[in-house]
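Undergrad: A single structure is presented below for examination.
Protein chains: 2
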Amino acid sequence: MAAIGIDLGGTKIYGVRLEGDTVAAEGKAKTPTQGGPLGVVDAIAKVVSELGAGPKDTIGVGAPGVIDVERGVVRAAPNLPGWIEPFALGPALAETLGVDRVLVDNDVNVGAVAEHRMGAGRDTDEMLGIFVGTGVGGGLILDGQLRRGASGLAGEIGHVVVVPNGRTCSCGGRGHLEAYAGRAGMERRARELDAATHDTVLVELAKAKRMTSSVWAKALAAGDQVAIDLIDEAVGALGRAIAGVILTLDLQLVVVGGGLADRLGPTFVGRVEQAARSELFAGASPLRVVAAELGDRAGAVGAALLAAK
Amino acid sequence: MAAIGIDLGGTKIYGVRLEGDTVAAEGKAKTPTQGGPLGVVDAIAKVVSELGAGPKDTIGVGAPGVIDVERGVVRAAPNLPGWIEPFALGPALAETLGVDRVLVDNDVNVGAVAEHRMGAGRDTDEMLGIFVGTGVGGGLILDGQLRRGASGLAGEIGHVVVVPNGRTCSCGGRGHLEAYAGRAGMERRARELDAATHDTVLVELAKAKRMTSSVWAKALAAGDQVAIDLIDEAVGALGRAIAGVILTLDLQLVVVGGGLADRLGPTFVGRVEQAARSELFAGASPLRVVAAELGDRAGAVGAALLAAK
Numbered sequence: 000m001a002a003i004g005i006d007l008g009g010t011k012i013y014g015v016r017l018e019g020d021t022v023a024a025e026g027k028a029k030t031p032t033q034g035g036p037l038g039v040v041d042a043i044a045k046v047v048s049e050l051g052a053g054p055k056d057t058i059g060v061g062a063p064g065v066i067d068v069e070r071g072v073v074r075a076a077p078n079l080p081g082w083i084e085p086f087a088l089g090p091a092l093a094e095t096l097g098v099d100r101v102l103v104d105n106d107v108n109v110g111a112v113a114e115h116r117m118g119a120g121r122d123t124d125e126m127l128g129i130f131v132g133t134g135v136g137g138g139l140i141l142d143g144q145l146r147r148g149a150s151g152l153a154g155e156i157g158h159v160v161v162v163p164n165g166r167t168c169s170c171g172g173r174g175h176l177e178a179y180a181g182r183a184g185m186e187r188r189a190r191e192l193d194a195a196t197h198d199t200v201l202v203e204l205a206k207a208k209r210m211t212s213s214v215w216a217k218a219l220a221a222g223d224q225v226a227i228d229l230i231d232e233a234v235g236a237l238g239r240a241i242a243g244v245i246l247t248l249d250l251q252l253v254v255v256g257g258g259l260a261d262r263l264g265p266t267f268v269g270r271v272e273q274a275a276r277s278e279l280f281a282g283a284s285p286l287r288v289v290a291a292e293l294g295d296r297a298g299a300v301g302a303a304l305l306a307a308k
Numbered sequence: 000m001a002a003i004g005i006d007l008g009g010t011k012i013y014g015v016r017l018e019g020d021t022v023a024a025e026g027k028a029k030t031p032t033q034g035g036p037l038g039v040v041d042a043i044a045k046v047v048s049e050l051g052a053g054p055k056d057t058i059g060v061g062a063p064g065v066i067d068v069e070r071g072v073v074r075a076a077p078n079l080p081g082w083i084e085p086f087a088l089g090p091a092l093a094e095t096l097g098v099d100r101v102l103v104d105n106d107v108n109v110g111a112v113a114e115h116r117m118g119a120g121r122d123t124d125e126m127l128g129i130f131v132g133t134g135v136g137g138g139l140i141l142d143g144q145l146r147r148g149a150s151g152l153a154g155e156i157g158h159v160v161v162v163p164n165g166r167t168c169s170c171g172g173r174g175h176l177e178a179y180a181g182r183a184g185m186e187r188r189a190r191e192l193d194a195a196t197h198d199t200v201l202v203e204l205a206k207a208k209r210m211t212s213s214v215w216a217k218a219l220a221a222g223d224q225v226a227i228d229l230i231d232e233a234v235g236a237l238g239r240a241i242a243g244v245i246l247t248l249d250l251q252l253v254v255v256g257g258g259l260a261d262r263l264g265p266t267f268v269g270r271v272e273q274a275a276r277s278e279l280f281a282g283a284s285p286l287r288v289v290a291a292e293l294g295d296r297a298g299a300v301g302a303a304l305l306a307a308k
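In structure tokens:
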């Protein structure tokens, strides 16, 4: 018996077949840009069958957006093409695949589960996982279990206010962590600064495309001042948000992953730890902030682990 | 068999004898200003014996400051006269009283336990208790249990940053909740504003004494602009800090008590709920912020409840 895990992203569907703690097979496909949710269901089903799913295997999906885990419904997923209304992804996949149930959870929740069970948090019962990519998301493990909270929003650290009345977030709120430490918010700010005479190689490197994590890494390596300043702000914002969590929960471990953190590496994560400590009033906190270990695989692995439980 | 609970404050020692959920007796004494920790031990022991403690009764103390609960040590208690070094209050009391153990925990932790078991949180398994008095403290109940955290700092919401680089907090940090919503920080700010030509009745009412909660209530009732502005700031700061906790834990209930909140009543607490909701990105949160129910008794009752477990 194995567990199949799928990471459903805005551009890519990535899947693993997990046997115990071993990734026995991998598969992927492009996320279809046509056909809306039903097109996505077919594409996922194809990846699942290529992974050799048997009738006794459990199946889990990590999806972006707001998820009703109980009913397997993706309530809102702004990053999925043509995905406007809430959609019962779990039941639709279960029907297509001829299985009883497909578990669907938030992509950062499953990522946190993966880091907790097989990654940087494997020696602890409690951790916060933060994933810094296009946006910023988090998943909280307490007492060895993923905490979803009363309305499925536990760990949604990306929308904590770090600068009162600060920059506008993708959600419409003001001054949220995601506006300062998510790639989309940082890119918007970099383009604004570039247009306002603070020339930056970020714009030259990205051209009309997205500012990927490696564009940021290259600009930092080139000593670009706008990139340096915006990464400094991201570090400070992450530190402040983490300090707030520590003062609430007194956790010992925060794991930082996601595309941007993975690309910028341990130096970035170490600076986030320093920033968090500088905001903790009792300097003696046992807090450690460490880099995630599973990279791109965390979502699919975590979805498999969560489904296998 | 009963449980004795003591609330050790900067000016007053208040004790209860709890039989089941009933306060069967109360006692109090002034906190001695001479004699340091040993004077306090004697004063507490006197209150305990007046409450008719028997050899099988359990005894708990809620004390201000940073507590090592495991060893019964008050590590730092800036509000207790002559109390400079860490002091093993639990063992000292146990010896004086001739009992095996006296439990000592933080005054806001025991307050949260009391509100959870017998007050505004009695119908829930999870809540945050926030106590707004001279300072701002918090205690967190998860899964029916008080959470202390890795280093005893869980729930220390008073030192969450609400205004980056903002006002200096009693702990030396900048922009902490306590600097905006604690009476000491609010008084400091009111006197500054008064000195800088923003005349306020707060200073007239308080004269050379402390600005008590009823001074604040009177100034609000008189339409004093400085009082109105500072209470508005306190409400906003509490709302922001609570929103951060909700985004981390997705709790449904926050109970707000302490001298200032008790005195300003449900209107104040209702405004804090609105402020918190306005900072939550998904408006659909089931969060309720309600007034504490046990008033001054919460500390002693909670200490008794915690000792009885």
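Just so you know, the protein sequences line up as chains F and D, in that order. Everything in the first sequence is counted per numbering that gives the first Met the number 0, starting at 0 for the first residue and increasing by one. Everything in the second sequence is counted per numbering that gives the first Met the number 0, starting at 0 for the first residue and increasing by one. Even for Gly, the Cβ is constructed at its ideal location relative to N, Cα and C.
Does P285(D) come within less than 8 Å of chain F when only Cβ atoms are used?
TA: Interface residue, yes.
Undergrad: Any contact between the segment 50-70 of chain F and the segment 97-110 of chain F? By contact I mean 3 or more CB pairs, one from each, below 8 Å.
TA: In short, these stretches touch, since the Cβ pair count reaches three.
Undergrad: Enumerate, from N- to C-terminal direction, the unbroken alpha helix (DSSP H) stretches of 4 or more residues contained entirely within the segment 148-233 of chain F.
TA: Runs found: 176-180, 182-194, 200-205, 212-220.
Undergrad: Following the continuous beta strand (DSSP E) through L52(F), name the residue where it begins and the one where it ends.
TA: Reading off the sequence, residue 52(F) comes out as Ala, not Leu. Here A52(F) belongs to no beta strand (DSSP E), and DSSP marks it neither H nor E.
Undergrad: When the distance is taken between beta carbons, is A275(F) closer than 8 Å to G4(F)?
TA: Not in contact: G4(F) and A275(F) (Cβ atoms no closer than 8 Å).
Undergrad: Where DSSP assigns a beta bridge to G81(F), which residues make up the other side?
TA: Beta-bridge pairing links G81(F) to no other residue.
Undergrad: For A291(D), which of A153(D), Y179(D), V112(D), L305(D) has the nearest alpha-carbon?
TA: Measuring from the Cα of A291(D), the nearest candidate turns out to be V112(D).
Undergrad: Use the C-beta contact count for M0(F): other C-beta atoms within 10 angstroms, 16 or more gives buried, fewer gives exposed.
TA: When all chains shown are included, M0(F) counts as exposed.
Undergrad: Select from P36(D), G19(D), L17(D) the residue whose C-alpha is nearest the C-alpha of L7(D).
TA: Residue P36(D) is the option with its Cα nearest to L7(D).
Undergrad: With burial defined as no fewer than 16 other Cβ atoms inside 10 Å of the residue's Cβ, what is the status of I58(D): buried or exposed?
TA: Counting Cβ neighbours within 10 Å, I58(D) comes out buried, since at least 16 surround it.
Undergrad: Count the other CB atoms within 10 Å of the CB of S277(F); is the residue buried (16 or more) or exposed (fewer)?
TA: S277(F) is exposed by the Cβ-count criterion.
Undergrad: Going by C-alpha distance, which of V73(D), G128(D), A216(D), D124(D) is nearest T266(D)?
TA: The option with the nearest alpha carbon to T266(D) is A216(D).
Undergrad: Taking contact to mean 3 or more Cβ pairs, one atom from each stretch, closer than 8 Å, check whether the segment 131-145 of chain F and the segment 188-198 of chain F are in contact.
TA: Too few Cβ pairs lie closer than 8 Å, so no.
Undergrad: Does the separation of the CB atoms of L176(D) and L237(D) fall below 8 Å?
TA: Closer than 8 Å, so yes.
Undergrad: Counting only beta-carbon separations shorter than 8 Å, does G243(D) have a partner in chain A?
TA: Of the protein chains in the structure, F and D, none is chain A.
Undergrad: Any idea what DSSP makes of Q251(D), helix, strand or coil?
TA: It is coil, neither helix nor strand.
Undergrad: Verify the CB distance criterion: does R187(F) have a CB-CB separation below 8 Å to chain D?
TA: Not an interface residue.
Undergrad: Measuring only between beta-carbons, confirm whether L237(F) sits less than 8 Å from chain D.
TA: Not closer than 8 Å to any Cβ of chain D, the Cβ of L237(F) fails to qualify, so no.
Undergrad: Taking the alpha-carbon of G258(D) as reference, which of V268(D), Q251(D), L250(D) has the nearest alpha-carbon?
TA: For G258(D), the nearest C-alpha among the options comes from V268(D).
Undergrad: Roughly how many angstroms lie between the CA atoms of E114(F) and R121(F), to the nearest whole one?
TA: Looking at the two C-alpha atoms, the distance is approximately 7 Å.
Undergrad: What in chain D is Cβ-close to I156(F), meaning under 8 Å?
TA: Going along chain D in sequence order, the residues near I156(F) (Cβ under 8 Å) are L246, T247.
Undergrad: Report all residues from its chain with a CB closer than 6 Å to the CB of P285(D); omit the five preceding and five following residues, and keep chain order.
TA: Hits under 6 Å: Q251.
Undergrad: Find out if the Cβ-Cβ distance for the pair A303(D), V46(D) is shorter than 8 Å.
TA: In this structure, V46(D) does not lie closer than 8 Å to A303(D) by Cβ.
Undergrad: Would D301(F) pass as a contact of G110(F) if the rule is Cβ separation under 8 Å?
TA: According to the sequence shown, residue 301(F) is Gly rather than Asp. In this structure, G110(F) lies closer than 8 Å to G301(F) by Cβ.
Undergrad: Taking DSSP as the reference, what is the three-state secondary structure of L259(D)?
TA: Helix at L259(D).
Undergrad: Looking at chain D, is there any beta carbon in it that lies within less than 8 Å of the beta carbon of P85(F)?
TA: Output row for P85(F): interface = no.
Undergrad: If you compare alpha carbons, which of E94(F), A180(F), M126(F) is closest to V135(F)?
TA: V135(F) has its Cα closest to that of A180(F), out of E94(F), A180(F), M126(F).
Undergrad: How long is the line joining the alpha carbons of A195(D) and W82(F), rounded to whole angstroms?
TA: So the alpha carbons of these two residues sit roughly 57 Å apart.
Undergrad: So with CB distances below 7 Å, who are the chain F contacts of Q332(D)?
TA: Residue 332(D) is absent from the model: chain D starts at 0 and stops at 308.
Undergrad: Quick check: the Cα distance between H197(D) and V159(D), rounded to an integer number of angstroms?
TA: Whole-angstrom Cα-Cα distance: 28 Å.
Undergrad: Got a sec: does the ligand MN put a non-hydrogen atom nearer than 7 Å to the Cβ of G298(F)?
TA: With respect to small molecules bound, the structure shown includes none, and the ligand MN cannot be examined in it.
Undergrad: Quick check on E278(F) - is its C-beta less than 8 Å from some C-beta in chain D?
TA: Cβ-Cβ to chain D under 8 Å: yes for E278(F).
Undergrad: Which term fits A23(D), buried or exposed, when burial requires 16 or more other beta carbons within 10 angstroms of its beta carbon?
TA: Exposed, since its Cβ has fewer than 16 Cβ neighbours within 10 Å.
Undergrad: What does the Cβ neighbour count give for A178(F), buried or exposed, with the cut at 16 atoms within 10 Å?
TA: Counting Cβ neighbours within 10 Å, A178(F) comes out buried, since at least 16 surround it.
Undergrad: So for G38(F), helix, strand or coil by DSSP?
TA: If DSSP states are grouped into helix, strand and coil, G38(F) belongs with the helices.
Undergrad: May I ask you to list the residues that DSSP assigns as paired with V68(F)?
TA: Partner(s): none; V68(F) has no beta bridge.
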